[in-house]
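Asks:
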Amino acid sequence: MKFYDLITVNSNLTYYYIYNDELKIVRASFSKKIVEGLKREENPHFNEIFKTYFFKRKPLSEIEYILPDTLTDFEKSVLEETKKIKFGKTATYKEIAERIKRPKACRAVGNALGKNPLPVIIPCHRIVSSTGPGGFTGGIWIKKFLLKLES
DNA sequence: GGTCAGATATAGC
DNA sequence: GCTATATCTGACC
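Last residue of the first sequence: 151 (my numbering), numbering continuous.
#1: Are E81 and R99 close, meaning C-beta to C-beta below 8 angstroms?
#2: If you follow the beta strand (DSSP E) that A28 is part of, which residue opens it and which one closes it?
#3: Can you give me the start and stop residues for the beta strand (DSSP E) that L13 sits inside?
#4: Going by DSSP in three states, N116 sits in which element: helix, strand or coil?
#5: Check for me: the alpha helix (DSSP H) holding L6 runs from which residue to which?
#6: Reducing DSSP to helix, strand and coil, say where R107 ends up.
#7: Put T92 into one of helix, strand or coil per three-state DSSP.
#8: What's the call for N12, buried or exposed, on a 16-neighbour Cβ count within 10 Å?
#9: Which same chain residues, not among the five before or five after N47, have their C-beta less than 8 angstroms away from its C-beta?
Dropping the structure here:
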């Protein structure tokens with residue numbers, strides 16, 4: 001059984017997350033679409049963690065989550081490296097590519113991050129292009145908002 | 001400013 | 001199944 005809950009960040013930004021009965025996050029998004037058909041079950045534990053991040057601007061606590069097993073090793077590596085980026089820091093697509101021994105696979109890195117099932121928890125917004133802000137699924141303004149939040 | 005490289009997914013044949 | 005095309009890019013021409 002899966003449930004979801006949400007955090008209202010501001011008037012036009014809401015963070016939705018889905019968790020299972022083992023209290024592990026399985027999916028998150030800034031779009032309402034991923035939670036359609038699911039039952040909302042408020043969860044004080046996760047709620048508190050996300051509130052601390054969004055409103056007190058503190059690093060996200062360790063959160064238990066499950067990555068879909070449909071991800072390839074390459075994608076898992078990308079997400080793992082991304083997760084190592086500290087609060088307030090940024091990295092480039094190239095740096096991630098180099099860390100997973102694929103220095104020329106920077107474009108593939110972008111692709112993997114674009115499919116990131118757990119935005120914020122896996123801080124894909126901290127990955128920027130060397131030529132500009134890069135992109136962000138759902139809107140670049142969300143990325144800018146998150147970076148500003150951490151600055 | 002165009003092109004190609006790298007991993008993957010999806011669409012079309 | 002294979003080819004073409006599209007991605008949150010970067011390097012080299």
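No residue lacks a Cβ here, since even glycine has one placed at the ideal position from N, Cα and C.
Replies: Walking through what the data contain:
#1: Here residue 81 is taken as the residue at index 81 of the first sequence, counted from 1. Here residue 99 is taken as the residue at index 99 of the first sequence, counted from 1. Yes, they are a contact pair.
#2: Translated into the one-based positions of the first sequence, residue 28 becomes position 28. Looking at the DSSP string, the run of the beta strand (DSSP E) that includes A28 is 25-29.
#3: Taking the first residue of the first sequence as 1, we reach residue 13 at position 13. Unbroken beta strand (DSSP E) run through L13: 13-20.
#4: Working through the first sequence from its first residue, we reach residue 116 at position 116. Looking at N116 - three-state DSSP - the assignment turns out to be coil, as it is neither helix nor strand.
#5: Looking up residue 6 in the first sequence gives position 6. No alpha helix (DSSP H) contains L6, which is instead part of the beta strand (DSSP E) from 2-10.
#6: Numbered from 1 along the first sequence, position 107 holds the residue referred to as residue 107. Helix, per DSSP.
#7: Position 92 of the first sequence holds residue 92. In this structure, T92 counts as strand in the three-state DSSP scheme.
#8: Taking the first sequence and counting its residues from 1, the one referred to as residue 12 is at position 12. Exposed, by the Cβ-count rule.
#9: Counted from its first residue, the first sequence places residue 47 at position 47. So the qualifying residues of the chain are D5, I7.
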